[in-house]
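Below is one structure, written out as structure tokens; the observations come after it.
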Ligand code: HEM
Ligand SMILES: Nc1ncnc2c1ncn2[C@@H]1O[C@H](COP(=O)(O)OP(=O)(O)OP(=O)(O)O)[C@@H](O)[C@H]1O
Ligand SMILES: Nc1ncnc2c1ncn2[C@@H]1O[C@H](COP(=O)(O)OP(=O)(O)OP(=O)(O)O)[C@@H](O)[C@H]1O
Ligand SMILES: [Mg+2]
Ligand SMILES: [Mg+2]
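Residue numbers (this note's numbering), protein chains in the order written: chain P, 35 to 278; chain L, 21 to 241; chain F, 21 to 241; chain R, 833 to 898; chain Z, 337 to 568; chain A, 337 to 568.
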């Protein structure tokens, strides 16, 4: 099954592939992000309840969704790295973790900025908020662990193991936090009732989500290229490239 | 399959010889617990309300910090390396460590619980819930802490890195355990919470030893 | 008297190179803080009441565990030994370590305090008291933790022994700091508590460096 | 364009602070990540050529010594 | 030789009944174009070697040349960046358990817990090797540790600790021994005794891979040397 | 010799202007009936020794004989269980600061921080010795570390780390050097170079106490040996 993948697992091939894809991905991501955000900010009517504050949705929801999507991408890479010992997968775990952490931080910050006008407080210990915070801690744990070893290989492998363990725990955390919150919270705080979104509001949101997705891939390309160079610096092809 | 016996005997002998390894965490638990009345104020009602959370947070930190040293000695003197080279006995070694860790840190916490109940003004119903959750929860604590210790054994960054990695994973346990104690204090049933904790424990019991052995292998190479 | 400059420069350079040494304690502080709402329950009022104690206990643990590693590297590679042999520069070395420890763990906690205030629902008056107590208290925390680290540098028992030694000494600090924050939240004056904390800080500042140098000397021989 | 004027656009119906705080901080963070990733790439390439040059120097020095 | 090693004969008969799995002269371990990279330094590249039953391979080289790294690769503790390892002509990955069972690796570190006594340490290693427990007093006496069997090893000198660690070889049933600087901290008489014991293992059909900074004084046909060059 | 040590001459002139405090041939350090007990074992008893300016004392003995323990006593890192130490005929306790200022001790551990570069480590040791900062590039080149000055020391091999550690001797202004196994991990050429440098220090009026398991190849009049017996 992984036969056909094998040539793509060669670091040099991946390096050049990423180099070729990166400008396109980055361009597309920027274009879509600007399109979605400007549309969402300026060309849609305000929400009848939340007024213009709801426009934060165009960053909040893409970042929140992609913070989880990025974690699953990282966990898949980690699993491949551990089971099939594919080096490129191992390096992409480390390359992708900071992207996920930044997305999570964006979701948290925009959520807080949205919560202040809507709920009257920057932060409450609500289920979703808490599990997003824990997700940030998980990302930071992976980053901290990978940097704690004098041997880079060991760091990458151990971080992969932690990422896999984390993905097993993520649903448990999610479920338990959800359950914990509903026990303690009455209906005191606005629930995340899904706003029945008008299609005119939905389109820019979908475009922004796509933009975040492509941006993740673009950033991954940049970071993976660096990781490949760092780990393959003894190879002739890297030396030849650095020489000129 | 290598038998567990000699490995466990070795761990217990080491514990008997290095008493600080199990006395210190217990003392740490008690000191951290006694910080709360000092920091939060001595009102009995307030203490009773925060007791479940506080007990579990203190238990968590003390098991975690105790686990830090678990593999250190055997890593430094090359025992882990040689066991990894000979493959077979590694799992038995890990299981013995796990069991010894629980016996030396989890079990003392359970035994200490009457004292804790006194300190924090816990009523009878919550006390029973506390003992039950400690019995179910401390093995899970041990499992996760041992995993953390195995992950960081060659990292040389001290307990704080271990805590960073493992604390997020503890959160479900913390939530269910303190919820059970709270339910008990309100005379509500808490079978549900205990069942979930048992499920988590069994799940961890199946997966963690394998993860620990592979973490050790990675750290050695 | 040797000048402090080069020693401090070395410590800061090391901190710049090993970012984990100051990032991890800060993260640990945040994680421990967020354990409390999970364990105790999310009601904003309850959180506000326990906030002073909780913030100070988390600060204490994170400074303490960060201090553990302070002398480890330099002890293992023989720097401490050689400085003890040449006597003169030892005090400058210790002062540089102290300052660097506060800059890398105490100061970040002060800078983080607005975020903490948000998380635990602290009101404005208590927030100001919190910043003031942190400014006065974290140097004292650093002093005591460094003393503990120096005492245990050759013991190789991990952070838990250090915690045991030093936690009892922290208790006065904890009491005054959380009393000040509580007074602030009730709009009462709290100059008295701050004055006591300042006095303790000055007292420690005079004694601890000497104690640390002699602890290092004892550990080396 | 939904808004009547730029002033109205910036005000965001009274929620300007929150909206622009979110958008500003998010863009700053994304830009920082992108810039830092690119910077690391360049930086590493520079380090690598410095290292190769140093190795060459070292070899020359050793050849001289013997 | 009998006079010098009375204990050996009482321990060895086991082997007579259970001859090693690979007959003398047959290929035991084979490494094909291995390369090892540590911290971006290529320690060695395209390194191939063969070890037959009854052969001793000494890996030589300056400090930092990569001897220990090579031995760890061969012992399966690390995976080579390139190349592969064959045990009895099969990839080690496929027969990992068999290989590990037939291998005894002793590295730079002694594998001795400092809080345990010599006897307890040996009992632990017997259990780990799935061998029955036995009375090790005589063995320790042969190794010059009479009277020191039941004090914690941290109170032994470095050389004595190393003797405890090497005692494992006396009851090991593995065919291949991989030893990283076994002579460290030993005095001259202990080194001579150890070499005699190596000879015995080799003539029984065993194989040894070792590193040492001291020249070997033993005389044996199947003694090969691999020189690793130090490259920066 | 000039050709081999260009750097030494550019560093040394300082000494010409500031001759050592004790003139050649005078008594520098004197130990009177020292004894050392470690963990209920008497390592040595009633040990007396004298070191004069311009003299080299080699402490010899088996592993565990107590050489390092003796050197630590002499360096003031430990207090003897019995006996006393005299510096310039005064008890060391009374002139502790003078003695420490005139002493350079390098032990088993290198005193090198692994995260710092060779240059940064040397700058630190200059500051600790209250010497002005200077350009150490030439010094490091003499020691065979050209091109390796600005990478973290953990990436250096053991021998290279030891060279960095010994570089301190080149700018030290102390009269008495106490060195515990300075030749560890060094290759032959480095050992020869170091001995040449010792000779220079001795002829300038310095004194050296060292331990080593390798025989000294240098030829010098004031070379004495103290043999410590191993006792259990
Ligand atoms: C720090 C505060 C907040 C955090 C951490 C947070 C987190 C999240 C997360 C993780 C999601 C994705 C859920 C999923 O895809 O399953 C999400 C979606 C969403 N959030 Fe937030 N949120 C916060 C505050 C807010 C606030 C204040 C509002 C509005 C009043 C809000 C409105 C929404 C909406 C409308 C969605 C999309 C719902 C859906 O897709 O079902 N969030 N948030
Ligand atoms: N754990 C490690 N992580 C990264 N690099 C390492 C590690 N161990 C060794 N190295 C590097 O690999 C090189 C070779 O080390 P190795 O231990 O194999 O040398 P050796 O030939 O055994 O030397 P010695 O004679 O000192 O035992 C060293 O220069 C070192 O820099
Ligand atoms: N820190 C210590 N604590 C207790 N005992 C020690 C300590 N260091 C050494 N010893 C004991 O003292 C004895 C002498 O040790 P020492 O290090 O002085 O020997 P040495 O002659 O320097 O040996 P080597 O040649 O290995 O360096 C050893 O046998 C050891 O058991
Ligand atoms: Mg080696
Ligand atoms: Mg010694």
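Cβ atoms here follow ideal geometry from the backbone N, Cα and C, with glycine treated the same way.
| Query | Result |
| --- | --- |
| Nearest neighbour of residue 369/A, chosen from 420/A, 520/A, 545/A, 446/A [CA to CA] | 420/A |
| Contact list for residue 398/Z against chain A, beta-carbon separation under 7 Å | 523 |
| Residues near residue 459/A in its chain [Cβ-Cβ closer than 7 Å; skip 5 each side] | 469 |
| Residue 138/F beta carbon less than 8 Å from that of residue 125/P | no |
| Near-chain Z residues of the region 209 to 239 of chain L (beta-carbon distance less than 8 Å), N- to C-terminal order | none |
| Status (buried if at least 16 other CB within 10 Å, exposed otherwise) for residue 140/P | buried |
| Candidates 92/P, 276/P, 260/P, 267/P: closest to residue 127/P by CA position | 260/P |
| Residue 153/P CB to nearest heavy atom of ligand 1 below 7 Å | yes |
| Helix, strand or coil at residue 567/Z according to DSSP, with G and I counted as helix | coil |
| Sheet register partners of residue 149/F (DSSP bridge) | BP columns for residue 149/F are empty, so no partner. |
| Check whether residue 492/Z and residue 484/Z have beta carbons under 8 Å apart | yes |
| Those runs of the alpha helix (DSSP H) which lie wholly inside the region 71 to 105 of chain F and span at least 4 residues | 92 to 96, 99 to 105 |
| Cβ neighbour criterion (16 or more within 10 Å) applied to residue 37/P | Low local confidence applies: a pLDDT of 49 at residue 37/P is under 50, so the model's placement there is unreliable, with the coordinate-based value given in what follows. Exposed, because fewer than 16 other Cβ atoms sit within 10 Å of the Cβ of residue 37/P. |
| Residue nearest to residue 451/A in terms of C-alpha spacing, selected from 25/F, 24/F, 38/F | 38/F |
| Backbone secondary structure at residue 219/P - three-state DSSP | Below a pLDDT of 50, predicted positions are generally treated as unreliable, and residue 219/P, at 40, falls in that range; no measurement from the model is reported. |
| Helix, strand or coil at residue 518/A [DSSP, three-state] | coil |
| According to DSSP, residues forming a beta bridge with residue 423/A | 365/A, 426/A |
| Cutoff 8 Å: residue 113/P Cβ touching any chain L Cβ | no |
| Exposed unless 16 or more other CB atoms sit within 10 angstroms - verdict on residue 72/P | exposed |
| 4-residue-minimum alpha helix (DSSP H) runs that sit fully inside the region 50 to 125 of chain P, ordered along the chain | 91 to 118 |
| DSSP-derived helix/strand/coil call for residue 440/Z | strand |
| Within chain A, partners of residue 94/F - CB distance below 8 Å | 449 |
| Check: residue 94/P C-beta below 7 Å from any heavy atom of ligand 1 | yes |
| Where the region 885 to 896 of chain R meets chain A: residues whose CB sits under 8 Å from a CB there | 886, 887, 889, 890, 893 |
| Close Cβ partners of residue 218/F (< 8 Å) along its chain, the five nearest in sequence each way excluded | 156 |
| Same chain, Cβ closer than 6 Å to residue 81/P, neighbours up to 5 away in sequence not counted | 88 |
| Ligand 1 heavy atom lying under 7 Å from the CB of residue 162/P | yes |
| For residue 216/F, the first and last residue of its enclosing alpha helix (DSSP H) | 211 to 240 |
| Nearest to residue 46/F (by Cα), restricted to the options 60/F, 70/F, 61/F, 85/F | 85/F |
| Closer than 7 Å: residue 137/F CB and nearest ligand 1 heavy atom | no |
| Cα-Cα separation, residue 29/F to residue 241/P | 50 Å |
| Distance cut-off 7 Å: residue 70/P Cβ against heavy atoms of ligand 1 | no |
| Proximity to residue 482/Z [Cα-Cα], best of 449/Z, 539/Z, 455/Z | 455/Z |
| Whole-angstrom C-beta distance between residue 363/Z and residue 462/Z, which should lie under 8 Å | Incorrect: roughly 30 Å between the Cβ atoms, too far for contact. |
| Bounding residues of the beta strand (DSSP E) (the contiguous stretch that carries residue 378/Z) | 377 to 388 |
| Beta-carbon proximity list for residue 163/F, same chain, < 6 Å, skipping 5 on both sides | 224, 228 |
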